[in-house]
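Top to bottom, those sequences are chains A and B.
First residue of the first sequence: 371, per my numbering; consecutive thereafter.
First residue of the second sequence: 371, per my numbering; consecutive thereafter.
Ideal placement from N, C-alpha and C gives every residue a C-beta, glycine not left out.
So the structure is just underneath, and the comments pick up after that.
There are 2 protein chains.
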Amino acid sequence: MKRAVVLLSGGLDSTTAAAVAKSDGYEIFALTIDYNQRHKIELESAKRVALALNTKQHVIFPLNLRLFGGSSLTDDWEVVKDISIDKIGETIPTSYVPARNIIFLSIAFAYAETIHANKIYIGVSAIDYSGYPDCRPEFLTAFENMAQISTKTGIEGNKISIAAPLVQLDKTATIRLGLSLGVDYSITHTCYDPALDGAACGCCESCLLRLQAFANAGIKDPIRYT
Amino acid sequence: MKRAVVLLSGGLDSTTAAAVAKSDGYEIFALTIDYNQRHKIELESAKRVALALNTKQHVIFPLNLRLFGGSSLTDDWEVVKDISIDKIGETIPTSYVPARNIIFLSIAFAYAETIHANKIYIGVSAIDYSGYPDCRPEFLTAFENMAQISTKTGIEGNKISIAAPLVQLDKTATIRLGLSLGVDYSITHTCYDPALDGAACGCCESCLLRLQAFANAGIKDPIRYT
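Dropping the structure here:
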């Protein structure tokens with residue numbers, strides 16, 4: 371069976387990307403990066419999703435990006451709340467984590483090489499979060515080309531390629547795609563600043579985009595909000 | 371003062387690269403990746419080198435590549451010994467760690483972005499270790515271009531570039547360069563399979579290349595061998 375590494379945060383997007391990988395016929399090796407992010411509860415969602423999708427393996431890889439900080443997700447900065455939804459994506463947000471997706475894809479390539487996977491799925495979207503420079507198709511193409519010439523598998527002609535099935539989808543389309551594949555969104559997590567009991571805040575930029583997308587899809591978001 | 375991140379393993383090459391960074395007028399932020407490698411003693415060398423070069427900061431970043439394995443340095447494979455020195459570099463060696471330099475440079479970019487450094491020094495050489503695909507100039511150029519378009523600093527026009535001052539030098543030339551800059555090679559570490567007391571084995575591929583280079587330079591290697 372062909373193998374794919376799936377970068378799985380436990381959020382809505384990566385869960386949908388994992389469901390696409392499964393429906394594409396891949397045996398899934400899930401990779402969750404525990405980057406010591408503010409919202410640790412993501413990791414519990416990732417475990418539930420990995421279980422629900424019957425992944426072959428689930429590696430939780432510790433990577434302490436708090437050693438550097440430089441982001442509202444990895445430093446003691448305030449999470450931006452109640453911003454006008456139209457403003458999201460206009461500039462690079464404070465939730466930008468320096469070089470995050472470069473690091474995540476690098477680690478995914480290391481994993482893919484050792485298990486002989488030929489595909490890496492990543493749930494980035496260039497539509498909803500256009501403020502993030504490391505979510506755009508140009509980045510993915512440049513990364514793939516760079517990795518081809520600098521890894522053993524690439525040199526030997528066993529190309530590992532990157533699949534970003536959501537890159538041209540907005541979040542509403544992503545939810546519709548996921549539901550068509552049977553994704554249970556009640557086990558996903560999105561909020562940047564959840565309550566202690568795990569309930570989402572409903573007003574950080576991540577919650578705002580999620581809630582709007584469910585509303586646009588005409589479906590009630592099944593997770594709990596404070 | 372301009373700032374540079376230097377990837378510092380504590381080996382001969384990265385120590386020389388750090389000395390070049392210093393002589394280029396940079397304030398040095400040293401980054402040592404503790405990738406749970408077989409030869410942990412490298413970390414002690416890195417600390418000694420950081421101290422000797424009076425670095426502004428020295429981050430030791432844990433990154434457990436043993437979770438994946440796939441290399442004689444991160445798995446329980448035998449270290450290759452007593453290979454004919456002419457054979458080194460003919461094929462990709464078992465000491466190739468999947469995607470290692472991709473990961474290391476990614477983390478260096480994250481660090482550089484947060485401290486506003488505009489240069490990253492890496493001590494790779496395409497001459498001595500031509501078997502490693504992630505030590506070649508094509509890789510460094512592709513990585514730099516990829517990072518420009520996918521990081522906040524790159525997008526905003528504050529380019530972070532990669533300096534690889536040894537990339538076209540063989541190890542003998544590297545040693546001569548280092549000595550001209552006052553490097554104390556007695557505090558560096560190279561061996562893949564050191565004795566418990568830290569003495570180098572003298573017969574792994576890494577020791578063989580080091581010993582040959584010192585011999586070619588007409589200088590006695592100041593470290594201890596078993």
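Residue contact with chain A for Val429(B): present (Cβ-Cβ distance below 8 Å to some residue of chain A). Of all residues in the segment 471-491 of chain A, those with a C-beta nearer than 9 Å to a C-beta of chain B are Asn471, Ile472, Ile473, Phe474, Leu475, Ser476, Ile477, Ala478, Phe479, Ala480, Tyr481, Ala482, Glu483, Thr484 and Ile485, reading in chain order. For Ile485(A), the enclosing alpha helix (DSSP H) stretches over residues Arg470 to Ile485. Residues of the segment 405-419 of chain B with a Cβ closer than 9 Å to any Cβ of chain A: none.
The contact set of Glu508(B) on chain A, defined by CB atoms closer than 7 Å, consists of Ile519 in chain order. Interface annotation, Pro564(B): not in contact with chain A, CB-CB separation never under 8 Å. Listed in chain order, the positions of the segment 384-408 of chain B with a beta carbon within less than 9 Å of a beta carbon of chain A would be empty, since no residue qualifies.
Annotation: Ala569(A) to Glu397(B) spans about 45 Å, alpha carbon to alpha carbon. Under the 8 Å criterion on CB atoms, Ile497(A) is classed as non-interfacial with respect to chain B.
The DSSP-derived three-state label of Ala570(A) is strand. The alpha carbon of Thr523(A) has as its nearest neighbour, out of Ala480(A), Leu581(A), Leu551(A) and Gly439(A), the alpha carbon of Ala480(A).
By the Cβ-count criterion, Glu412(B) is buried, with 16 or more other Cβ atoms from all chains shown falling within 10 Å of its own Cβ. Ranking Cys573(B), Asp563(B) and Gly572(B) by CA distance to the CA of Leu443(B) puts Asp563(B) first. One alpha carbon belongs to His486(B), the other to Arg373(B), and they sit about 7 Å apart.
Residue-level contact check: Asp504(A) touches chain B, since one or more beta carbons of chain B fall below 8 Å from its beta carbon.
Taking C-alpha positions only, Thr402(A) is separated from Ala387(A) by approximately 13 Å. Bridge pairing for Asp404(B): Pro432(B) [DSSP]. Secondary structure in the segment 515-554 of chain A: the beta strand (DSSP E) runs of 3 residues or longer, each lying completely within the stretch, are 531-533 in chain order.
Interface residue (Cβ-Cβ distance to chain A less than 8 Å): Pro592(B) is not classified as such. Secondary structure of Ala374(B) (DSSP, three-state): strand. Separation of the CB atoms of Ala391(A) and Tyr502(A) is rounded to 22 Å, and the pair is thereby denied contact status at 8 Å.
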